[in-house]
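Have a look at the structure below, then the notes.
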DNA sequence: GGTATTTTGTAGTGAACGATACAAATAAAT
DNA sequence: ATTTATTTGTATCGTTCACTACAAAATACC
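Protein chains in written order, with my numbering: chain A, 1 to 197; chain B, 198 to 394.
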């Protein structure tokens, strides 16, 4: 509201772009996990000092929340695109698993899914933020299945979610694309048994 | 060698039993994970002081290694019992997944598999120890499958391992036995497609 | 009983963590 | 040019971590 360009940026200009900083921090968090990345790691990578960091992001968890938002907008599995109403449900869910396998393996330096791995960190606020995103995704999948197969919606959504967690864990453990893809396809095939076209 | 009962225990006797201490520590590590358990947490739970702890276990990672040994001997999925040569491979692997689901859900306070969760901790030594156990289990499964279905041994072992990681993650996330079991059975069913009886 | 040996309790080590106090430095607004 | 708001660099703060030095206490051996 009072953030018009009238009273903006009086004084020394920022030496860094917050959006670019979020992208850099995302790489760090993705590669090493929330707990293993210190604020000093971030400030070193950005070439800034702690006060600038806290002025921009408030806290380590605050930066992580912005990283999660950036991730969901750019690199998360696009559930809204894949879960189409004109495709058999089993095929759509199998496509989600395949897409997850490809994304988790796309960056060998990174490790699995930023959100799923974030749900295991030791900071309450950061873990809660990641859990919230994960629950939203699970609910989205469950609702998609329920529209056509309500009696197995919970079972199918749980299985997809469980498989994505397993794929993410294995990606973090060093599995490459071929192995992840094979496991994802095997899991996807299982869905056809409870979700007839 | 010179640990005969001749030169044993001169001075004040131990106030705690190391074996019972390992069991107590196992509960702590299992419930909260390696990183979230401090040495102070352990010494408080045991009613001992840090010097006694370090005299008995050497280090936090040293205690963890003993906890892992105790776990594999008592609470790990008994692969040697389940993977029998007189059972169809697909059935045996499905039984492994079911057993894992039951074990991971058996203690609501605990979270998943001690070993699998340990592979994600931030201590190099502890993580390596957990990874080693996990690799051994994977190799055991792979060898079992290879004896009768060598062409799909890697694929099947990867899938079982990935599913166990997913089950453990979901157990840690709060899923109860019914949901874990449903996902485990769905995954087990997928194995029948590549492992004909 | 005296002595040797081991564990105990207290206290504290250095390092790393997330987060700040404070004043010099800088550039827009007047 | 002066003022004013903001960021910067430096130097921490307080806490927690894994781990240890040291001396008093307690028991087995002689």
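Don't be surprised by glycine CBs; every beta carbon is placed ideally from N, CA and C. Note that the structure is predicted; figures quoted are calculated from it, not measured.
Cβ shell of residue i (< 6 angstroms), same chain only, five flanking positions each side left out
i             : result
residue 263/B : 219
residue 253/B : 215
residue 29/A  : 37 and 67
residue 319/B : 232
residue 161/A : 138
residue 204/B : Any reading at residue 204/B is ruled out, since the residue's pLDDT is 38, under 50, leaving its predicted position unreliable.
residue 205/A : Outside the displayed span of chain A (1 to 197) sits residue 205/A, for which this structure offers no information.
residue 260/B : 222 and 254
residue 244/B : none
residue 198/B : Because residue 198/B sits at a pLDDT of 35, beneath the cut-off of 50, its placement in the model cannot be relied upon, and the point is left open.
Cβ neighbours of residue i in the same chain (closer than 8 angstroms, five flanking residues each side left out)
i             : result
residue 159/A : 187, 190 and 191
residue 68/A  : 114, 115, 118, 129, 130 and 133
residue 246/B : 240
residue 201/B : Note that residue 201/B scores a pLDDT of 34, beneath 50, so its modelled location is shaky; the value from the coordinates is reported in the next line. No residues qualify anywhere along the chain.
residue 45/A  : 24, 25 and 28
residue 349/B : 342, 391 and 392
residue 147/A : 85
Nearest-angstrom beta carbon gap, residue j and residue i [assumed within contact, 8 angstroms]
i             : j             : result
residue 362/B : residue 166/A : 4 angstroms
residue 346/B : residue 392/B : 6 angstroms
residue 31/A  : residue 109/A : 5 angstroms
residue 236/B : residue 213/B : That belief does not hold up - the Cβ atoms of residue 236/B and residue 213/B are roughly 15 angstroms apart, past 8 angstroms.
residue 197/A : residue 88/A  : 4 angstroms
residue 61/A  : residue 126/A : 5 angstroms
residue 120/A : residue 317/B : 6 angstroms
Own chain partners of residue i with C-beta closer than 7 angstroms, once the 5 adjacent residues on each side are dropped
i             : result
residue 314/B : 230, 308, 365 and 369
residue 157/A : 138, 141, 142 and 145
residue 98/A  : 181, 184, 185 and 188
residue 238/B : 225
residue 292/B : 279
residue 351/B : 339
residue 304/B : none
residue 90/A  : 191, 192, 195 and 197
residue 51/A  : none
DSSP state of residue i mapped onto helix, strand, coil
i             : result
residue 347/B : helix
residue 1/A   : Here the model assigns residue 1/A a pLDDT of 36, short of 50, so the residue's position is not dependable and the matter cannot be decided.
residue 14/A  : coil
residue 195/A : coil
residue 138/A : helix
residue 155/A : helix
residue 266/B : helix
residue 205/B : Legend: pLDDT at residue 205/B = 48, less than 50; position of this residue unreliable, no value from coordinates given.
residue 83/A  : coil
residue 275/B : coil
residue 233/B : coil
residue 175/A : coil
Cβ-heavy atom distance, residue i to the ligand MG, below 7 angstroms
i             : result
residue 374/B : Within the structure as shown, the ligand MG is missing, as the structure has no ligands at all.
Quiz item: How about the region 211 to 229 of chain B and the region 260 to 278 of chain B: do they share at least three Cβ pairs that are nearer than 8 angstroms?
Solution: In this structure the region 211 to 229 of chain B lies against the region 260 to 278 of chain B, because at least three pairs of beta carbons, one per stretch, are closer than 8 angstroms.
Self-check item: Touch test, the region 177 to 197 of chain A against the region 62 to 72 of chain A, Cβ-Cβ under 8 angstroms, three pairs minimum
Solution: Contact between the region 177 to 197 of chain A and the region 62 to 72 of chain A is not established, with fewer than three Cβ pairs separated by less than 8 angstroms.
Quiz item: With a cut-off of 8 angstroms, do at least 3 Cβ pairs link the region 332 to 347 of chain B to the region 280 to 290 of chain B?
Solution: Contact holds: three or more Cβ-Cβ distances are below 8 angstroms.
Quiz prompt | Length at least 4, wholly inside the region 239 to 263 of chain B: the alpha helix (DSSP H) runs in chain order | solution = The qualifying runs are 247 to 254.
Quiz prompt | Start-end ranges of the alpha helix (DSSP H) lying completely within the region 85 to 130 of chain A, minimum 4 residues | solution = Assignment of alpha helix (DSSP H) within the region 85 to 130 of chain A, counting only whole runs of 4 or more residues, yields 89 to 106 and 114 to 118 in chain order.
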